[in-house]
Amino acid sequence: MDYDIKDKKLAGKGKLRIEWAGRQMPVLNLIKERFARERPLKGVRLAACLHVTSETANLLDTLKAGGASVAICASNPLSTQDDVAASLVLDFKIPTFAVKGEDNKTYYEHLHKALDTKPNITMDDGGDLVSTIHAERKECLREIIAGTEETTTGVIRFKSMEAQGVLRYPIIAVNDAKTKHFFDNRYGTGQSTIDGILRATNILLAGKNFVVCGYGWCGRGLAMRAKGMGANVIVIEVDPLKALEAVMDGYRVLPMAKAAKEGEIFVTVTGDTSTIRGEHFRAMRDGAILANAGHFNVEIKIPDLEAMAKGKRRIRDYVDEYTLKDGRRIYLLGEGRLINLAAAEGHPASVMDMSFANQALAAEYIKKEGKKLENRVYPVPEEMDKEVARLKLDSMGIAIDRLTKEQERYLHSWELGT
Ligand code: ADE
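Residues 491 to 908 (our numbering) are what the sequence shown spells out, left to right.
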């Protein structure tokens with residue numbers, strides 16, 4: 491079996507962490523039990539480009555239980571948990587190509603290794619696997635039925651490929667399932683981003699000016715949790731509707747040029763490039779801390795910071811101190827990569843439970859129905875999304891009400907008024 495990981499000796503620790511995460515993933519476990527009985531993915535080759543974490547390991551184990559043969563590469567150079575990667579190879583016999591801190595060249599070599607397994611289904615997080623297939627590995631298209639996409643950034647890329655008529659196979663946008671982005675993006679990113687910032691810096695958030703750039707689902711979760719820790723949250727937006735929501739959720743909304751002067755901690759979750767750039771670094775206070783929780787490391791314009799700095803040193807793990815020519819210091823966390831996965835462990839398992847339940851069910855759906863799909867981006871079928879919510883509530887021991895016959899009739903009628 492081919493693989494490239496940091497150190498096989500880490501497998502023991504990784505296996506225990508995978509087991510620990512699995513205890514918080516009841517919905518995925520139910521799917522795994524059914525998959526083991528029904529083997530719906532028998533004969534399928536699946537290549538996953540996902541963050542290599544203990545939660546992802548549970549997903550891969552579920553797909554294997556369903557009969558798939560699986561290979562994985564990292565979806566970010568700094569998000570791999572090396573102990574998990576080792577256990578995937580040794581305990582789960584899954585070809586794994588991921589080393590935390592790998593350079594860009596190795597990152598892409600790993601994507602190619604996963605593609606060498608000739609997948610029928612791709613599972614992407616951010617779109618790099620699919621774009622590599624379209625740009626350099628077109629021969630893979632012959633074997634591929636369809637793919638899934640885990641995150642907002644990837645869905646945006648694939649929708650633009652669809653709009654330009656260049657998408658060559660169907661994609662299920664797992665990110666767009668309500669049981670994914672309402673929970674993973676909001677509560678997962680909210681908590682794990684704070685976790686990453688605190689593990690990297692050990693700063694006190696109470697009383698700090700905490701600037702959240704972007705008020706999508708990730709930004710909302712982050713603002714909510716930062717407020718809960720006693721920070722003064724400032725939101726940056728370009729969308730008037732989202733900005734208005736942020737105002738009425740109780741935050742100050744400022745243009746970046748103003749927030750740059752006030753902020754003590756800045757976190758980008760816009761999904762867009764150059765959200766914080768030279769003009770903003772120039773206005774910042776001495777000691778400003780910058781982190782990114784968006785998918786790619788483009789949201790903070792690091793080349794501007796590099797160009798403005800007269801010195802740079804690593805002051806702590808995941809904390810680079812840039813000293814500007816006038817003596818001010820700016821601290822960049824996790825090299826501007828996803829701070830929740832770089833300095834912490836990513837989203838907690840109980841939220842990944844729903845995201846990855848959607849992934850597993852989407853793979854099953856692709857095996858059953860994929861050949862009927864066109865080269866478009868599809869939502870997760872609504873019934874699947876609702877089923878994941880039902881199972882999650884069940885697993886939490888939470889019962890909900892049902893409509894009475896009278897209520898059903900009322901909701902479907904138009905005659906009844908005042
Ligand atoms: N994305 C964010 N958190 C994650 C996790 N724990 N595992 C896999 N992908 C993630």
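Positions of the beta carbon are idealized from the N, C-alpha and C atoms, including for glycine.
Bear in mind that the values here come from a model prediction, so they are computed numbers and not experimental data.
message = I need the boundaries of the beta strand (DSSP E) containing Leu914, first residue and last residue.
response = The question about residue 914 has no answer here: the residues shown for the chain are numbered 491 through 908.
key: Top-ranked residue by Cα proximity to Phe673, from Leu688, Ile766, Gly706 and Ala696   = The count along the sequence shown starts at 1 and reaches residue 673 at position 183. Nearest of Leu688, Ile766, Gly706 and Ala696 to Phe673, Cα basis: Gly706.
ask   = Would the beta-carbon of Asn830 be found less than 8 Å away from any heavy atom of ligand 1?
value = Position 340 of the sequence shown, counted from the first residue, corresponds to residue 830. Under cutoff, so the answer is yes.
key: Given Ser820 as reference, the closest of Arg827, Gly753 and Thr552 once Cα atoms are compared   = Taking the sequence shown and counting its residues from 1, the one referred to as residue 820 is at position 330. One detail in the question is off: residue 820 reads as Ile in this sequence, not Ser. It is Gly753.
Met886 versus Met844, Asn865 and Lys857, residue with shortest Cα-Cα distance = Counting from 1 along the sequence shown, the entry for residue 886 is found at position 396. Nearest to Met886 by C-alpha distance, out of Met844, Asn865 and Lys857, is Met844.
query = From what residue to what residue does the alpha helix (DSSP H) around Gly709 run?
reply = Against the sequence shown, residue 709 aligns to sequence position 219. Note, Gly709: alpha helix (DSSP H), Trp707 to Gly718.
query = Straight-line CA distance for Val542 to Ala575?
reply = Stepping through the sequence shown from its first residue, residue 542 is reached at position 52. Stepping through the sequence shown from its first residue, residue 575 is reached at position 85. Roughly 7 Å between the two C-alpha positions.
task = Report all residues from its chain with a CB closer than 8 Å to the CB of Gly697; omit the five preceding and five following residues, and keep chain order.
result = Translated into the one-based positions of the sequence shown, residue 697 becomes position 207. Cβ neighbours of Gly697 beyond the five flanking positions: Gly720, Ala721 and Asn722.
key: Exposure of Gly556, with buried meaning 16 or more beta-carbon neighbours within 10 Å   = In the sequence shown, counting from the first residue as 1, residue 556 sits at position 66. Burial of Gly556 is indicated by the presence of at least 16 other C-beta atoms within 10 angstroms of its C-beta.
Cβ pair count under 8 Å reaching 3, the segment 656-668 against the segment 639-647 = yes
request  = Sort out for me which residues DSSP pairs Ile611 with in a bridge.
outcome  = Translated into positions along the sequence shown, residue 611 becomes position 121. Ile611 is bridged to Leu536 and Ala636.
task = Could you tell me which of Asp492, Thr612 and Met651 sits nearest to Val579, measuring between CA atoms?
result = Reading the sequence shown from its first residue, position 89 is the one you call residue 579. Checking every option, the nearest Cα to that of Val579 belongs to Asp492.
task = Compare the Cα-Cα distances from Arg880 to each of Ala749, Pro516, Glu769 and Gly502 and report the closest residue.
result = Against the sequence shown, residue 880 aligns to sequence position 390. Ranking Ala749, Pro516, Glu769 and Gly502 by Cα distance to Arg880 puts Pro516 first.
key: Cβ neighbour criterion (16 or more within 10 Å) applied to Tyr677   = For this step, residue 677 is matched to residue 187 along the sequence shown. Buried, because 16 or more other Cβ atoms sit within 10 Å of the Cβ of Tyr677.
query = Nearest to Pro869 by CA position, among Gly502, His671, Arg803 and Ile687, is which residue?
reply = Locating residue 869 in the sequence shown gives position 379, counting from the first residue. For the residues Gly502, His671, Arg803 and Ile687, the minimum Cα distance to Pro869 belongs to His671.
key: Beta-carbon proximity of Lys595 to Asp572, cut-off 9 Å   = Counting from 1 along the sequence shown, the entry for residue 595 is found at position 105. Counting from 1 along the sequence shown, the entry for residue 572 is found at position 82. It is not a contact, given that the beta carbons lie outside the stated cut-off.
query = Smallest Cα separation from Ala833: which of Glu825, Asn787 and Ala839?
reply = The sequence position of residue 833 within the sequence shown is 343, counting from 1. Out of Glu825, Asn787 and Ala839, Glu825 has the C-alpha closest to the C-alpha of Ala833.
query = Contact between the segment 499-508 and the segment 532-540: three or more CB pairs below 8 Å?
reply = Using a C-beta cut-off of 8 Å, the segment 499-508 makes no contact with the segment 532-540, since fewer than three inter-stretch Cβ pairs fall below that distance.
key: Run of the alpha helix (DSSP H) containing Gly644, from where it starts to where it stops   = Within the sequence shown, the letter at position 154 stands for residue 644. First-last of the alpha helix (DSSP H) with Gly644: Thr642 to Ala653.
Any non-hydrogen atom of ligand 1 closer than 8 Å to Ser938 Cβ = Given that the chain is displayed from residue 491 to residue 908, the structure contains no residue 938 and the question cannot be resolved.
inquiry  = Helix, strand or coil for Asn865? Go by DSSP, reduced to three states.
reply    = Here residue 865 is taken as the residue at index 375 of the sequence shown, counted from 1. Asn865 falls in the coil class under three-state DSSP.
inquiry  = I want to check one thing, is the minimum distance from the CB of His671 to the heavy atoms of ligand 1 below 8 Å?
reply    = Working through the sequence shown from its first residue, we reach residue 671 at position 181. Checking every heavy atom of ligand 1 against the Cβ of His671, none is found closer than 8 Å.
ask   = Between Glu528 and Asp593, what straight-line distance do the alpha-carbon atoms span, to the nearest angstrom?
value = One-based indexing of the sequence shown puts residue 528 at position 38. One-based indexing of the sequence shown puts residue 593 at position 103. If I take the Cα positions, the gap works out to 40 Å.
Spatially closest choice to Leu461 from Ser764, Thr683, Glu898 and Val743, by CA coordinates = Past the edges of the chain, shown from 491 to 908, lies residue 461, and the structure says nothing about it.
request  = Name the residue from Ser559, Lys882, Gly704 and Asn692 whose alpha carbon lies nearest to the alpha carbon of Asn519.
outcome  = Here residue 519 is taken as the residue at index 29 of the sequence shown, counted from 1. Nearest of Ser559, Lys882, Gly704 and Asn692 to Asn519, Cα basis: Lys882.
query = Cβ of Ser559 within 8 Å of any heavy atom in ligand 1?
reply = For the purposes of this step, residue 559 is taken as residue 69 along the sequence shown, with counting starting at 1. Flag unset: Cβ of Ser559 not near ligand 1.
ask   = Can you list, in chain order, the residues of its chain whose CB lies under 7 Å from that of Leu553, leaving out five sequence neighbours each side?
value = Stepping through the sequence shown from its first residue, residue 553 is reached at position 63. Around Leu553: Leu531, Leu536, Val560, Ala850 and Ala853.
query = Are any of the Cβ atoms in chain D nearer than 9 Å to that of Ser764?
reply = No chain D is part of this structure, which consists of one protein chain only.
Enclosing beta strand (DSSP E) for Val725 [first to last residue] = Here the question's residue 725 lines up with position 235 in the sequence shown. Start and end: Asn722 to Ile726.
task = Please confirm whether Asn802 and Asp810 have their CB atoms less than 9 Å apart.
result = Looking up residue 802 in the sequence shown gives position 312. Looking up residue 810 in the sequence shown gives position 320. In the sequence as displayed, the identity of residue 802 is Lys instead of Asn. It is a contact, given that the beta carbons lie within the stated cut-off.
ask   = Can you name, in chain order, every residue of its own chain whose Cβ lies under 7 Å from the Cβ of Ile890, other than the five neighbours on each side?
value = Taking the sequence shown and counting its residues from 1, the one referred to as residue 890 is at position 400. So the list reads Leu883, once near-sequence residues are dropped.
query = Could you give the distance in angstroms between the alpha-carbon of Gly777 and the alpha-carbon of Arg818?
reply = Along the sequence shown, read from residue 1 onward, the residue named residue 777 stands at position 287. Along the sequence shown, read from residue 1 onward, the residue named residue 818 stands at position 328. The alpha-carbon atoms of Gly777 and Arg818 are separated by roughly 7 Å.
Rounded distance between the beta-carbons of Val759 and Gly704, thought under 8 Å = For the purposes of this step, residue 704 is taken as the residue at position 214 of the sequence shown. For the purposes of this step, residue 759 is taken as the residue at position 269 of the sequence shown. At roughly 4 Å, the Cβ-Cβ gap stays under 8 Å, so Gly704 and Val759 are in contact.
key: Gly761 vs Gly740 beta-carbon contact at 9 Å   = The count along the sequence shown starts at 1 and reaches residue 761 at position 271. The count along the sequence shown starts at 1 and reaches residue 740 at position 250. No, these two residues do not count as a Cβ contact at 9 Å.
ask   = Considering only residues of the same chain and omitting the five flanking positions on each side of Val656, which have a CB-CB separation below 8 Å?
value = Within the sequence shown, the letter at position 166 stands for residue 656. A distance below 8 Å between beta-carbons, with the five flanking residues on each side excluded, links Val656 to the following residues of its chain, in chain order: His624.
request  = Following the continuous alpha helix (DSSP H) through Phe846, name the residue where it begins and the one where it ends.
outcome  = Translated into positions along the sequence shown, residue 846 becomes position 356. Note, Phe846: alpha helix (DSSP H), Ala839 to Glu859.
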